[in-house]
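Q:
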Amino acid sequence: MGIKYFLTIITGLALVTGLFSCHKEEIDDSNDPLIGTWVYDSYQIDSDLEIYKSEKELDPDKPGMIFEPGGKFTIRNIYGWCATPPVTYENYNGTWENISDSTTLIRYEWWGTAAGQDKLEKTFNIIRADDQELWIRYIF
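Going by numbering that gives the first Met the number 0, the sequence shown wraps up at 139, each residue one higher than the last.
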């Protein structure tokens with residue numbers, strides 16, 4: 000009985016210690032250059048770059064993105080399958096995370112996402128990010 004009791008106590012202590020010592024590490028991304036509101040400005044076909052300008056809010060008539068601390072993400076994109084003007088835009092919620100110093104993954108639902116379907120995932124390289132412009136190149 001002595002050894003069983005001892006092993007039970009040790010196992011219990013190990014489990015309790017393991018449960019209370021695990022915690023999610025908080026990441027401070029408030030200084031990330033992506034944080035902010037970005038409105039689509041142009042596309043450079045020769046270099047496959049999308050260029051966004053920093054703005055206070057999204058433009059109702061243009062695509063755009065909002066990156067918030069903690070991984071919260073909003074994308075303003077076409078609502079519906081037709082891209083022939085006049086185009087209607089809608090905001091879609093999602094998440095973002097940096098998967099390297101220059102690569103970001105975004106996940107979001109959009110008008111074509113069926114109930115229970117996975118979110119759309121896109122990855123892009125950050126070519127330039129400062130307080131005025133964001134240049135990205137999607138990885139396909």
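C-beta: ideal position from N, C-alpha, C; glycine also.
Output the distance between the C-alpha atoms of residue 36 and residue 53, rounded to the nearest integer angstrom.
A: Numbered from 1 along the sequence shown, position 37 holds the residue referred to as residue 36. Numbered from 1 along the sequence shown, position 54 holds the residue referred to as residue 53. When rounded, the distance between both Cα atoms is 6 Å.
Q: Roughly how many angstroms lie between the CA atoms of residue 40 and residue 137, to the nearest whole one?
A: The count along the sequence shown starts at 1 and reaches residue 40 at position 41. The count along the sequence shown starts at 1 and reaches residue 137 at position 138. Using only the alpha carbons, I get a separation of about 16 Å.
Q: What residue range is occupied by the uninterrupted beta strand (DSSP E) comprising residue 72?
A: Counting from one through the sequence shown, the residue named residue 72 turns up at place 73. Where residue 72 is concerned, the enclosing beta strand (DSSP E) stretches over 71 to 77.
Q: Any idea what DSSP makes of residue 138, helix, strand or coil?
A: Here residue 138 corresponds to residue number 139 of the sequence shown, with the count starting at 1. In the structure shown, residue 138 sits in a strand (DSSP, three-state: E or B).
Q: Residues in the same chain with beta-carbon distance under 7 Å from residue 126, minus the five sequence neighbours each way, listed in chain order, please.
A: One-based indexing of the sequence shown puts residue 126 at position 127. If we look at residue 126 and ignore the five residues flanking it on each side, its Cβ neighbours are 48, 134, 135 and 136.
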